[in-house]
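Undergrad: For reference, the structure I am asking about is given below.
2 protein chains.
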Amino acid sequence: MKEDKAHPLGVPGGGTWPSNDDASSASRSPTVTGLDRWLARTMLSLNGNPRIALVLWDGEEISGGGGPPVARARVHDRRTLVQMMRSPSVGFGDAYSTGLVEVPEHLVELLEEVYLGLMHAGAKWSRLQRLRASRTRGNTPSEARENIHHHYDLGNDFYRLWLDERMVYTCAYYEHPGQSLAEAQIAKMDHVCRKLELQSGQHVIEAGCGWGALAMHMAERYGVTVEAYNISRQQIEFARAQAHARGLENRVRFIEDDYRSIEGECDAFVSVGMLEHVGTERYGELGAVVERCLRPDGRGLIHSIGRSAPAPNDPWIEKRIFPGSYPPTLTEMGRIFEPYEFSILDVENLRLHYRETCRAWLDRFDAVADKVAEMYDMNFVRAWRLYLAGSTAAFAVGTLQLYQVVFAPRGTNRVPWTRHHLYQDSPRLD
Amino acid sequence: MKEDKAHPLGVPGGGTWPSNDDASSASRSPTVTGLDRWLARTMLSLNGNPRIALVLWDGEEISGGGGPPVARARVHDRRTLVQMMRSPSVGFGDAYSTGLVEVPEHLVELLEEVYLGLMHAGAKWSRLQRLRASRTRGNTPSEARENIHHHYDLGNDFYRLWLDERMVYTCAYYEHPGQSLAEAQIAKMDHVCRKLELQSGQHVIEAGCGWGALAMHMAERYGVTVEAYNISRQQIEFARAQAHARGLENRVRFIEDDYRSIEGECDAFVSVGMLEHVGTERYGELGAVVERCLRPDGRGLIHSIGRSAPAPNDPWIEKRIFPGSYPPTLTEMGRIFEPYEFSILDVENLRLHYRETCRAWLDRFDAVADKVAEMYDMNFVRAWRLYLAGSTAAFAVGTLQLYQVVFAPRGTNRVPWTRHHLYQDSPRLD
Numbered sequence: 568m569k570e571d572k573a574h575p576l577g578v579p580g581g582g583t584w585p586s587n588d589d590a591s592s593a594s595r596s597p598t599v600t601g602l603d604r605w606l607a608r609t610m611l612s613l614n615g616n617p618r619i620a621l622v623l624w625d626g627e628e629i630s631g632g633g634g635p636p637v638a639r640a641r642v643h644d645r646r647t648l649v650q651m652m653r654s655p656s657v658g659f660g661d662a663y664s665t666g667l668v669e670v671p672e673h674l675v676e677l678l679e680e681v682y683l684g685l686m687h688a689g690a691k692w693s694r695l696q697r698l699r700a701s702r703t704r705g706n707t708p709s710e711a712r713e714n715i716h717h718h719y720d721l722g723n724d725f726y727r728l729w730l731d732e733r734m735v736y737t738c739a740y741y742e743h744p745g746q747s748l749a750e751a752q753i754a755k756m757d758h759v760c761r762k763l764e765l766q767s768g769q770h771v772i773e774a775g776c777g778w779g780a781l782a783m784h785m786a787e788r789y790g791v792t793v794e795a796y797n798i799s800r801q802q803i804e805f806a807r808a809q810a811h812a813r814g815l816e817n818r819v820r821f822i823e824d825d826y827r828s829i830e831g832e833c834d835a836f837v838s839v840g841m842l843e844h845v846g847t848e849r850y851g852e853l854g855a856v857v858e859r860c861l862r863p864d865g866r867g868l869i870h871s872i873g874r875s876a877p878a879p880n881d882p883w884i885e886k887r888i889f890p891g892s893y894p895p896t897l898t899e900m901g902r903i904f905e906p907y908e909f910s911i912l913d914v915e916n917l918r919l920h921y922r923e924t925c926r927a928w929l930d931r932f933d934a935v936a937d938k939v940a941e942m943y944d945m946n947f948v949r950a951w952r953l954y955l956a957g958s959t960a961a962f963a964v965g966t967l968q969l970y971q972v973v974f975a976p977r978g979t980n981r982v983p984w985t986r987h988h989l990y991q992d993s994p995r996l997d
Numbered sequence: 568m569k570e571d572k573a574h575p576l577g578v579p580g581g582g583t584w585p586s587n588d589d590a591s592s593a594s595r596s597p598t599v600t601g602l603d604r605w606l607a608r609t610m611l612s613l614n615g616n617p618r619i620a621l622v623l624w625d626g627e628e629i630s631g632g633g634g635p636p637v638a639r640a641r642v643h644d645r646r647t648l649v650q651m652m653r654s655p656s657v658g659f660g661d662a663y664s665t666g667l668v669e670v671p672e673h674l675v676e677l678l679e680e681v682y683l684g685l686m687h688a689g690a691k692w693s694r695l696q697r698l699r700a701s702r703t704r705g706n707t708p709s710e711a712r713e714n715i716h717h718h719y720d721l722g723n724d725f726y727r728l729w730l731d732e733r734m735v736y737t738c739a740y741y742e743h744p745g746q747s748l749a750e751a752q753i754a755k756m757d758h759v760c761r762k763l764e765l766q767s768g769q770h771v772i773e774a775g776c777g778w779g780a781l782a783m784h785m786a787e788r789y790g791v792t793v794e795a796y797n798i799s800r801q802q803i804e805f806a807r808a809q810a811h812a813r814g815l816e817n818r819v820r821f822i823e824d825d826y827r828s829i830e831g832e833c834d835a836f837v838s839v840g841m842l843e844h845v846g847t848e849r850y851g852e853l854g855a856v857v858e859r860c861l862r863p864d865g866r867g868l869i870h871s872i873g874r875s876a877p878a879p880n881d882p883w884i885e886k887r888i889f890p891g892s893y894p895p896t897l898t899e900m901g902r903i904f905e906p907y908e909f910s911i912l913d914v915e916n917l918r919l920h921y922r923e924t925c926r927a928w929l930d931r932f933d934a935v936a937d938k939v940a941e942m943y944d945m946n947f948v949r950a951w952r953l954y955l956a957g958s959t960a961a962f963a964v965g966t967l968q969l970y971q972v973v974f975a976p977r978g979t980n981r982v983p984w985t986r987h988h989l990y991q992d993s994p995r996l997d
């Protein structure tokens, strides 16, 4: 492992990681004082007294209320404690990433406790937050390109280490107990295709296609042609190579461009895991793209991380992991649909499936942490572990939701009569 | 039949029907002039040139564009034409009700054409309407009681003539082709119960229970106890008599009170067809009732007529049929859920099922029109025919939607893993 090796894309967030000079030098920290204990207790209290313990640099434990701690976070020095107090999200996130806070075990459980504490204690506080929630974000085409580059162009080799073999980086669908991640990703793609009622010969437009797994799945299994858009160059290059290898070049076209540039007509419009990066103030533009492209009897599906009530994105996630991202409520998603009177046919919440998906990613990531450290450094490994553990926890306690929304242009009656067809073997070509 | 017999509750809307002195005296109308033709053409044009014909009092036909007319409306005199021009909804509605406009056949198809014309041509006009859409409505407890009395207390004998035997007055669920109205209403109740995952021994609170069919079905088939609220005295009396006859008094309690008075705790909160009468400015109060009553691991379902985009209620429906009613969008329904961070689990749109339901009601109503005229008068018969035909047409073309929204309190993970269980035989006691 190489500690402190420079990040190939620069430091996530474009800034510099905080120094961890003190990480291996607890001896330099002053003795724990009454003020330190007060700070630790106050921080736990402001976070709704989660059942966790802060272990201070002399080994002393400060616990939240309501039972024995489910996990412990070791804080290396006073400066880190003060940083966490001043900025719980970024302070904790950066301290964890640089090793100034350690959670030797039960990281997911610790984060679940913190999120639950905030959910129950922070009603007033979170209402204040909501006032800021829908602020304008930088998601012009060029800003979007930079934001997407930051995360999705980390390198195909990196994602290949811990995603499933098809490189699907969105919520899976664990249709049956005991399914593997790879099986659940295929089940998700089939679930989406059934919801879209794809018929052989139809044409599909996909906005934000990742590494192309869904586009190729639709073409191979459902006999459709697909135009799939993405602004991540590395993803597009991977997808094109895959399409070539699978002989799908005539049926799937991967286009390196922004969703706002989408042209042409389609029978189905699908977007899985892109909306999080669009920004609510651009939802009308996305709706206009769909209105322009989707045939009168067509069908649309938008799959997105979301929330039950508006809230700003987690500041550390925004700063270090997903700049420009925002998980919307269903009400906010209405800004896509209502101006064009799209008829919402079906909404399904797959929150617990995303908990399972993130947990599987976290396990796989942990298993290759050494290799990731070789590629980047330990700060990067810890940051990504925190991101994956935090996502697992957020879906587990309901801080985040996952919505699949199926819709149709206004006025069409070519809509499914019931949803029985989603729960039977779907017609496939193979 | 008794023409012009006084309505037992007074004239719907509390006003007076317009006179139909001229209905049988077309001879008194002046000759059709160029101005009349211009008026008729302009009215069709403003309505998006639907494929219908207006037959003027001398027999002359004025047609909308785009193909041969699918239906004809006979306008008895110039005054009626001017009324319809000045106020398309109330003018037409009242003229039809009093016989000053006649549609001898294809009434549903005529209304479908009008709604489609408005939908396609009236985009700008309807955006203007939306500005007015969410205006405050009179839905305080006492106003609500008056509004509900106006419609639901027309008399159990009246509704018994044309509803199914269980007196279910909400959208049915035609689970299989060829089902009767009665079968589809049972299927709807089972669909709702499966979505709520009712377990024997649980307690259910129902807000707005109509004649009690769902409450009794839940108790009989799913082994739950129910407290069901309604402010329509006639419906509550009918429901209590039914519960007595079926030996359910110990398991279903019918309470004549407003949803705002609901108390106690429940495992499931259900409301089918009440939200239309709540008024958007009261949705927060409804959310507070649910928050207060629903146990942390409970489940809720709200079933309501809705829209794809905000629009004011049809003025004639508001004036003559359902004072104080308003069909919300999903975004507007968010005002119930988001303040309390309820997690939306599932939304299903049953629009075409309501088209079938209304069509069945219309057929059954037409079959007993003579009896209804005996009870009330022909104006009442025509008004209700128009209301049922208009509802059929509105669900057919998508002016109205039907949403079933399933939700859970924030944070609970006792939610169904998939929706498979809705599409298999559900566990029942019998």
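Taken in order, these protein sequences are the chains called G and F.
Just so we're aligned, residue 568 is where the first sequence starts under the working numbering, counting upward by one.
Just so we're aligned, residue 568 is where the second sequence starts under the working numbering, counting upward by one.
Glycine included, each C-beta is placed from N, C-alpha and C at the ideal position.
1) Taking C-beta pairs closer than 9 Å, name the residues in chain F that G814 (chain G) reaches, listed in chain order.
2) Restricting to runs no shorter than 3 residues, where is the beta strand (DSSP E) found entirely within the segment 907-958 of chain F?
3) Secondary structure at R712 (chain G), three-state DSSP: helix, strand or coil?
4) With 7 Å as the C-beta to C-beta threshold (strictly closer), list the residues of the segment 596-611 of chain F near chain G in chain order.
5) Is G840 (chain G) close to chain F? Criterion is C-beta to C-beta, closer than 8 Å.
6) List the residues that DSSP assigns as beta-bridge partners of L842 (chain F).
7) Check for me: the alpha helix (DSSP H) holding H811 (chain G) runs from which residue to which?
8) For F974 (chain F), report the span of its beta strand (DSSP E) as first-last.
9) Can you pull the DSSP bridge partners for L861 (chain G)?
10) Can you pull the chain F neighbours of R977 (chain G), defined as C-beta to C-beta under 8 Å?
11) For N797 (chain F), tell me which candidate among F:Y740, F:R761, F:V839, F:H758 has the shortest Cα-Cα distance.
12) Run through chain F and tell me which residues come within less than 8 Å of N880 (chain G), C-beta to C-beta.
13) Would you kindly report the start and end of the unbroken alpha helix (DSSP H) that includes Y789 (chain F)?
14) So which residues of chain F does N614 (chain G) contact, with C-beta pairs closer than 9 Å?
15) Would a C-beta distance cut-off of 8 Å place Y990 (chain F) and Y990 (chain G) closer than the cut-off?
16) What residues in the segment 902-916 of chain G bring their beta carbon closer than 9 Å to a beta carbon of chain F?
17) Could you please give me the residues that DSSP links to Y719 (chain G) through a beta bridge?
18) Considering Cα atoms alone, identify which of G:S910, G:M785, G:T600, G:L763 is closest to G978 (chain G).
19) With burial defined as no fewer than 16 other Cβ atoms inside 10 Å of the residue's Cβ, what is the status of W605 (chain G): buried or exposed?
20) Counting only C-beta atoms, is L698 (chain G) closer than 8 Å to chain F at any point?
21) Return the Cβ separation of V948 (chain G) and A961 (chain G) in integer angstroms, given the expectation that the two are a contact with Cβ distance under 8 Å.
22) Determine, using beta-carbon pairs with one atom in the segment 867-885 of chain F and one in the segment 653-673 of chain F, whether at least three such pairs fall under 8 Å.
23) Where does L674 (chain G) fall in DSSP's three states?
24) Roughly how many angstroms lie between the CA atoms of G846 (chain G) and D913 (chain G), to the nearest whole one?
25) Rounded C-beta distance between K755 (chain F) and A739 (chain F)? I'm assuming under 8 Å.
26) I'd like the list of long-range same chain contacts for A690 (chain G), defined as Cβ closer than 8 Å, with 5 residues on each side in sequence excluded.
27) By how many angstroms is the C-alpha of E843 (chain G) removed from the C-alpha of H987 (chain F)?
28) Does the CB of T847 (chain F) have a neighbour CB from chain G at under 8 Å?
29) Can you check whether the C-beta of Q971 (chain G) is within less than 8 Å of a C-beta belonging to chain F?
30) So for S555 (chain G), helix, strand or coil by DSSP?
31) Going along the segment 942-968 of chain F in order, which residues come within less than 8 Å of chain G, judged by CB to CB distance?
32) Quick check: the segment 720-734 of chain G against the segment 742-749 of chain G, are at least 3 beta-carbon pairs closer than 8 Å?
33) Quick one: is N706 (chain G) near chain B, going by C-beta distance under 8 Å?
34) Determine the DSSP secondary structure at L621 (chain G), reduced to helix, strand or coil.
35) Taking 8 Å as the threshold, find out whether the segment 850-861 of chain F comes into contact with the segment 822-836 of chain F through three or more Cβ pairs.
36) When the Cβ atoms of the segment 914-924 of chain F are set against those of the segment 678-686 of chain F, are three or more pairs found closer than 8 Å?
TA: If we stick to the structure as given:
1) Neighbours of G814 (chain G) on chain F: none; closest Cβ ~33 Å, over 9 Å.
2) 910-916
3) helix
4) Against chain G - using a Cβ distance shorter than 7 Å - the segment 596-611 of chain F contributes no residues.
5) no
6) Partner(s): none; L842 (chain F) has no beta bridge.
7) 800-812
8) 968-975
9) In DSSP, L861 (chain G) forms a bridge with G:C833.
10) M686, S875, G965
11) Among F:Y740, F:R761, F:V839, F:H758, the Cα nearest to that of N797 (chain F) is on F:V839.
12) Under the 8 Å cutoff, chain F gives no residues; its nearest Cβ is about 17 Å from N880 (chain G).
13) 780-789
14) Within 9 Å Cβ-Cβ: nothing; N614 (chain G) doesn't reach chain F, min ~16 Å.
15) yes
16) R902, F904, E905, P906, Y907, E908, F909, S910, I911, L912, D913, V914, E915, N916
17) DSSP lists no partner for Y719 (chain G).
18) G:S910
19) With fewer than 16 other Cβ atoms within 10 Å, it is exposed.
20) At L698 (chain G) the pLDDT is 43, less than 50, meaning the model places this residue with poor confidence; the figure from the coordinates comes in the next sentence. It does not: the Cβ of L698 (chain G) has no partner Cβ on chain F nearer than 8 Å.
21) In fact, because the Cβ distance is near 20 Å, the residues do not count as touching under 8 Å.
22) yes
23) helix
24) Per the coordinates, the alpha-carbon of G846 (chain G) lies some 23 Å from the alpha-carbon of D913 (chain G).
25) Taking a contact as a CB-CB distance under 8 Å, the pair K755 (chain F) and A739 (chain F) counts as one, their CB atoms being some 5 Å apart.
26) Low per-residue confidence applies at A690 (chain G): pLDDT is 48, beneath 50, and the placement is therefore not dependable enough to give any value.
27) Cα to Cα, the separation comes out at about 28 Å.
28) no
29) no
30) Limits of chain G in this structure are 568 at one end and 997 at the other, which puts residue 555 (chain G) out of reach.
31) A963, V964, G965, Q968
32) Verdict: yes, contact present.
33) Note that chain B does not occur in the displayed structure, where the protein chains are G and F.
34) strand
35) yes
36) no
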